[in-house]
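To convert, take the position in the sequence shown, counting from 1, and add 687; that gives our numbering. The beta carbon of each residue, even a glycine, is placed where N, CA and C say it ideally should be. Just below is one structure, and these are the notes that go with it.
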Amino acid sequence: MRGSPRTMGIIYFGLAGLFIYLAIENVNSTSWNLWTFFFAAVAAIDIMVGIRFFRTKSKDDTGK
688 MRGSPRTMGI IYFGLAGLFI YLAIENVNST SWNLWTFFFA AVAAIDIMVG
738 IRFFRTKSKD DTGK
């Protein structure tokens, strides 16, 4: 069962927050390395996908 676009957007923003946190912790412990850039890139992609979900309308809202 698929969730509504708003729910999926919230999930993706939550994942982006997690990856941003991991990137910050990685910088504080080991400085900038490949993993830090990986975490930042995944967070950026999650934010883009989350915005896309928030901009789409669910099938229930299109008929109203």
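Check: Segments of 4+ residues assigned as alpha helix (DSSP H) that fall wholly inside the stretch 716-745; Outcome: 721-742
Check: Sequence-distant residues of its chain with Cβ nearer than 6 Å to Ala727 (five each side left out); Outcome: Ala710
Check: For Gly690, three-class secondary structure by DSSP; Outcome: coil
Check: Cβ-based burial, Tyr708 [other Cβ within 10 Å; buried from 16]; Outcome: exposed
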